[in-house]
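Q: One structure, pasted below without further comment.
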Amino acid sequence: MALGNTKMQAILKEYEAIRTQNRDTLNARRDQVAEKAPAYFDYHNQIISLCMKRTNSALYPDTTTDTSSDYQTSLAALRKAKEQALIKAGFPADYLEPIYDCPDCQDTGFVATAQCNCLKRRMVRALYAQSGIEHLLETNNFSTLSYEYYQGADLEAFRGAVQVCHDMIEHFSTRKDNLLFTGTVGCGKSFLSGCVAKELMDRSFSVVYFSASQLFDILYQNGLYNSQEDLYNYDLVIVDDLGSEVTNSVVTAALFTFLNERILRGKSTIISTNLSLSEMKDRYSERIASRIIQNYKICKLSGPDIRILQKRLTTRK
Ligand SMILES: [Zn+2]
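Residue 508 is where the sequence shown starts when you use the working numbering, and the numbers rise one by one after that.
This is the structure we're talking about:
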């Protein structure tokens, strides 16, 4: 999916606005030059007629008296005079050159048929904005990953989970993994979800994040999305803190449809939960637990509540 059509259209409109603004600036500059350095346009017109004469002589060689070197000399002299007219009036030499925010694509977003880097950057920014976790990613990303809060078996489990995340990211374009992070509060589940989300969005995949209750609101009230269809188009959906919502048979049915549909469409999902697999079976259903066991990589994390440890460390400093 990357970005939906509407978002892409909005980005292309931004380029249109940039081009209009730069054209307006250039027109305003022309007016200034026309007022303060009218000679500039005289030279400009002389260059045009010289070039036209040159084109004519190339088309009709018999009528020409102009030699190539005469032409080049006159052209260079006129260009020089034109530039001097600007400079003498106090303008920079390139004052009337076309203005581009991105000279590579001339503010179109494309270089030939390929996406320009500036377009790719805009797309990634849009992906971040629609993800719902933009601010969370400032702290939850691989550059802030630390093993210092873990020891023994907890450390082993965390290292293993980090490896699973890297593996998922590395193969994401060809293989759609699903992950279940299960474990106690504050042991790094949401942190790792954020790490994966950021890496994938930086690679132009679309990611969206929901708490479990937000997800069920969408599934049953269509609160945020015009169509549930959108939910199934994201490359990755992150469901945080599954089990924190009020569960009933409607929620259970919705959860099964959601998980199943994502699996059938070959789209990745990351779920984090404090529940163990057997608690999930009891809380939801046998078939939900078995869908997860069959289709998800399960990372069982453990350890102290890192958020509490971090708070203690900050207060000590
Ligand atoms: Zn560009």
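Beta carbons are placed, not taken as given, at the ideal position from N, Cα and C, and that holds for glycine. Fair warning: this is a prediction, and the values are worked out from it, not measured in the lab.
(1) Looking at the structure shown, is Q622 part of a helix, part of a strand, or coil, going by DSSP?
(2) For the beta strand (DSSP E) that S711 lies in, which residues bound it at each end?
(3) Classify S576 as buried or exposed, calling it buried when 16 or more other Cβ atoms lie within 10 Å of its own Cβ.
(4) With DSSP collapsed to three states, give me the class of S653.
(5) Using a Cβ-Cβ cutoff of less than 6 Å, which residues in the same chain neighbour V714 once the five nearest sequence positions on both sides are dropped?
(6) Taking a cut-off of 5 Å, which residues have a beta-carbon closer than that to any heavy atom of ligand 1, in chain order?
(7) Out of curiosity, what's the CA-to-CA distance linking L731 and E677?
(8) Using the three-state DSSP reduction, which class does V758 fall into: helix, strand or coil?
(9) Over what stretch of residues does the beta strand (DSSP E) that includes S779 continue unbroken?
(10) For a test of the three-state rule: what should DSSP assign to I640, helix, strand or coil?
(11) Less than 8 Å between the beta carbons of R536 and L603, yes or no?
(12) Between the C-alpha atoms of A596 and F548, what's the straight-line distance to the nearest angstrom?
(13) Does the count of Cβ pairs from the stretch 774-792 and the stretch 680-699 closer than 8 Å reach three?
(14) Please state the DSSP three-state secondary structure of C806.
(15) List the residues that DSSP assigns as beta-bridge partners of T689.
(16) Give the DSSP-derived three-state secondary structure of L766 in the structure shown.
(17) Taking A588 and Y550 to be in contact with their CB atoms under 8 Å, please state how far apart those CB atoms are, rounded to whole angstroms.
(18) Just mark I795 as buried or exposed, buried being the case when its beta carbon has 16 or more other beta carbons within 10 Å.
(19) Considering only the beta carbon of each residue, do S783 and D747 sit closer than 8 Å?
(20) Reducing DSSP to helix, strand and coil, say where N733 ends up.
(21) Taking just the CA atoms, how far does Y739 sit from E521?
(22) Could you tell me the alpha carbon to alpha carbon distance between L519 and Y657, rounded to whole angstroms?
(23) Helix, strand or coil, according to DSSP, for S680 in the structure here?
(24) Quick one, which of V753, F698 and V692 has its alpha-carbon nearest Q721's?
(25) Given 8 Å as the limit, is there contact between the stretch 752-766 and the stretch 794-808, that is, 3 or more CB pairs closer than that?
(26) Give the range of the beta strand (DSSP E) segment to which L749 is assigned.
(27) Tell me whether R666 is buried or exposed, calling it buried when 16 or more other Cβ atoms sit within 10 Å of its Cβ.
A: According to the structure shown:
(1) strand
(2) Counting along the chain, S711 falls outside any beta strand (DSSP E), and DSSP gives it neither H nor E.
(3) exposed
(4) coil
(5) S638, A704, L707, M708 and L743
(6) C609, D611, C612, C623 and C625
(7) Any reading at L731 is ruled out, since the residue's pLDDT is 44, under 50, leaving its predicted position unreliable.
(8) helix
(9) S775 to T780
(10) coil
(11) yes
(12) 13 Å
(13) yes
(14) strand
(15) T780 and K807
(16) helix
(17) 5 Å
(18) buried
(19) no
(20) With a pLDDT of only 44 at N733, under the threshold of 50, the placement of this residue in the model should not be trusted, and no figure is reported.
(21) 27 Å
(22) 47 Å
(23) coil
(24) V753
(25) yes
(26) L743 to L749
(27) exposed
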